[in-house]
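Since the structure comes first, as structure tokens, the remarks are kept for the end.
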Amino acid sequence: MDKSKALSAALSQIERQFGKGSVMKLGKNDRSMDVETVSSGSLGLDIALGVGGLPKGRIVEIYGPESSGKTTLALHTVAEGQKKGGICAFIDAEHALDPVYARKLGVNIDELLISQPDTGEQALEIADTLVRSGAVDVLVIDSVAALVPKAELEGEMGDALPGLQARLMSQALRKLTASINKSNTMVI
Numbered sequence: 001m002d003k004s005k006a007l008s009a010a011l012s013q014i015e016r017q018f019g020k021g022s023v024m025k026l027g028k029n030d031r032s033m034d035v036e037t038v039s040s041g042s043l044g045l046d047i048a049l050g051v052g053g054l055p056k057g058r059i060v061e062i063y064g065p066e067s068s069g070k071t072t073l074a075l076h077t078v079a080e081g082q083k084k085g086g087i088c089a090f091i092d093a094e095h096a097l098d099p100v101y102a103r104k105l106g107v108n109i110d111e112l113l114i115s116q117p118d119t120g121e122q123a124l125e126i127a128d129t130l131v132r133s134g135a136v137d138v139l140v141i142d143s144v145a146a147l148v149p150k151a152e153l154e155g156e157m158g159d160a161l162p163g164l165q166a167r168l169m170s171q172a173l174r175k176l177t178a179s180i181n182k183s184n185t186m187v188i
């Protein structure tokens, strides 16, 4: 049996088992070629990113030291998403979002969905529900460091709970990744 017949048989089996579109040639899938973006609010950054902004349907991590502008960049992106008619949500795990500052950056705070969860698990369940709804265009989780696992909050001050937050994030990302792409939600 030659390679093309073997490949055709394998693809047929995969389609029967997992559905049409489970495996395809990249160039034949127009959807994967054009990545929809939302401007970061900074022309220079949008150009440097190479696609004209931050990509939808992806997880975008903004990394930097404390007070380096991570939340400001996220809020600029929210404002740009709202300008395009998108629905935006902000999970404020730090309980530190300043609505006056957000408004000055161009965020329509009357339309911004906000949640200030008590635990990391609660924050990530809210994120999962919002993403799965397919209605949210930009979702900000501020910040990963503030996503404290419930067990840590309920424990004593000196308790050693190594890797608890890492396990929480790992599980959440595994759960969220597919639904983020399907819903075309950008999660910052």
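Under full-length UniProt numbering, the first residue of the sequence shown carries the number 1, and numbering increases by one thereafter.
For each residue, glycine too, the CB sits at the ideal point set by N, CA and C.
Query, Result
"For L139, tell me which candidate among G41, E15, E36 and V60 has the shortest Cα-Cα distance.", "V60"
"Between V148 and I87, is the Cβ-Cβ spacing less than 7 angstroms?", "no"
"Starting from residue 189 and walking both ways along the beta strand (DSSP E), at which residues does that stretch end?", "One cannot answer for residue 189 here, as it falls past the ends of the chain, which runs 1 to 188."
"Among E66, I14, G19 and L7, which one has its Cα closest to the Cα of residue 252?", "Lying before the first or after the last residue shown, residue 252 is absent from the chain, which here runs from 1 to 188."
"F18 bridges to which residues according to DSSP?", "Partner(s): none; F18 has no beta bridge."
"How far does the beta strand (DSSP E) with A89 in it reach, from first residue to last?", "C88 to D92"
"DSSP three-state call for L112: helix, strand or coil?", "coil"
"Closest to K84 by CA distance: which of K56, V131, H95 and L7 is it?", "K56"
"Per DSSP, what kind of secondary structure is M169 in: helix, strand or coil?", "helix"
"How about R132 and S179: do their beta carbons lie closer than 7 angstroms?", "yes"
"Taking the straight line between their C-alpha atoms, what separation do you get for L45 and V107?", "19 angstroms"
"Which partner residues of I59 appear in the DSSP bridge assignment?", "V187"
"Which term fits Q82, buried or exposed, when burial requires 16 or more other beta carbons within 10 angstroms of its beta carbon?", "buried"
"Please state whether DSSP places T77 in a helix, a strand or coil.", "helix"
"Just list the residues that DSSP pairs L54 with in beta bridges.", "V38"
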